[in-house]
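Below is one structure, written out as C-alpha cells; the observations come after it.
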Amino acid sequence: MNQTDIAIVGGGLAGVALAEQLQREGVDYQLFEARDRLGGRIESTDYDGARFDLGPAWFWHVQPRLMAACERLGAGIFEQFSEGELLFEDSVRQVHRGVGFASMAGSLRIEGGASALIDAFARDLPRARLHLDAAVQSVSDRGYLQLMNGSVWQARRIVLAIPPRIAAQL
Ligand SMILES: Cc1cc2nc3c(=O)[nH]c(=O)nc-3n(C[C@H](O)[C@H](O)[C@H](O)COP(=O)(O)OP(=O)(O)OC[C@H]3O[C@@H](n4cnc5c(N)ncnc54)[C@H](O)[C@@H]3O)c2cc1C
C-alpha cells in the first residue's frame, strides 16, 4: 500500500502552492493531478512570437500574499498596459475595436505569463512527488484514495484542491 502524510488532489495554483509550502516545511506529501501538466485553469502559451495567457492573467495590489509569493519565488511582475482602447476578439471570432475604454487599469501581470508562477512554485519540487495523469476517482473517510489508473494510496490527511462541484463527486 502506498502511503503519505498529506495527499493533495489537484495541481492548480492552490495545490502547487500547498506542495511548495509542505516541501519547505519538510512535510511528507504527494500531489495527484488529473491532467498531464500543472497549473489547472492557469495556462500560458506562445503564439507568433508573443506569450498569451489563456485563462487567469491579472491580479491586484490588494492580494498581498500573491505579491509576496512572486517576490519570494523571483517571478517578475509588471503593471497592465492600459492606455488607449481595448481590442478583443469574441467567442464567434468577431474583432471589436474602439469600444471606448482601456482595460484592467491598475492590475498586475506576471512576466512570462501566469504559468511562470506555477513553474516557480514547482521549480524545486521533487518530480517523484508530483503525479501527472493521475486522476483521483474516489476518496474515503479513512484516508484512502483510489486513482483512475488503478493505484491506491492512504494518507493521514487529504486536501481537495479542486473545484467544489468536482469534490462533491469524489
Ligand atoms: C477564463 C478565466 C479567467 C480567469 N481570470 C482570472 C484573473 O485574471 N485573475 C484571477 O485572480 N483569477 C482568474 N480566474 C480564476 C482563477 O483561474 C482561479 O481562481 C484559480 O486558477 C483556481 O485555482 P485552483 O488551484 O483553486 O483550481 P484549478 O485551477 O481549477 O485547479 C484544479 C486542478 O485539479 C485538477 N483535478 C480536477 N479533478 C481532479 C481529480 N479528480 N483528480 C486529480 N486532479 C483533479 C484539475 O485538472 C486542475 O488542474 C480566471 C478563471 C478563468 C476560467
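Read in numbering that gives the first Met the number 0, the sequence shown has 95 at position 96, and its numbers run on one by one without any break. Every residue gets a Cβ at the ideal spot worked out from N, C-alpha and C, and that includes glycine.
- request: Report the partner residues of VAL94 according to the DSSP bridge assignment.
  value: Answer by DSSP bridge pairing, in chain order: GLU88.
task: With DSSP as the reference, please indicate the residues paired to TRP152 in a beta bridge.
output: ASN1, LEU144
- prompt: Between which two residues does the alpha helix (DSSP H) harbouring PHE120 extend?
  reply: Unbroken alpha helix (DSSP H) run through PHE120: 114-121.
field: Helix, strand or coil at GLN166 according to DSSP, with G and I counted as helix
entry: In the sequence under discussion, the amino acid at residue 166 is Ala, which differs from the Gln named in the question. Of the three classes helix, strand and coil, the one that applies to ALA166 here is helix, per DSSP.
Spatial distance of GLU24 from GLU110 (CA atoms): 27 Å
- prompt: Which one of ALA101, THR44, MET0, LEU144 has the shortest CA to CA distance from GLN79?
  reply: ALA101
Near ligand 1: GLY97 beta-carbon under 7 Å from a heavy atom: Not so, every heavy atom of ligand 1 lies at least 7 Å from the Cβ.
query: Which whole-angstrom value describes the C-beta separation of TRP152 and GLN29, a residue pair presumed to lie in contact below a C-beta threshold of 8 Å?
result: 7 Å
query: If you count every other CB in all the chains shown that lies within 10 Å of the CB of VAL15, and 16 or more means buried, which is it?
result: buried
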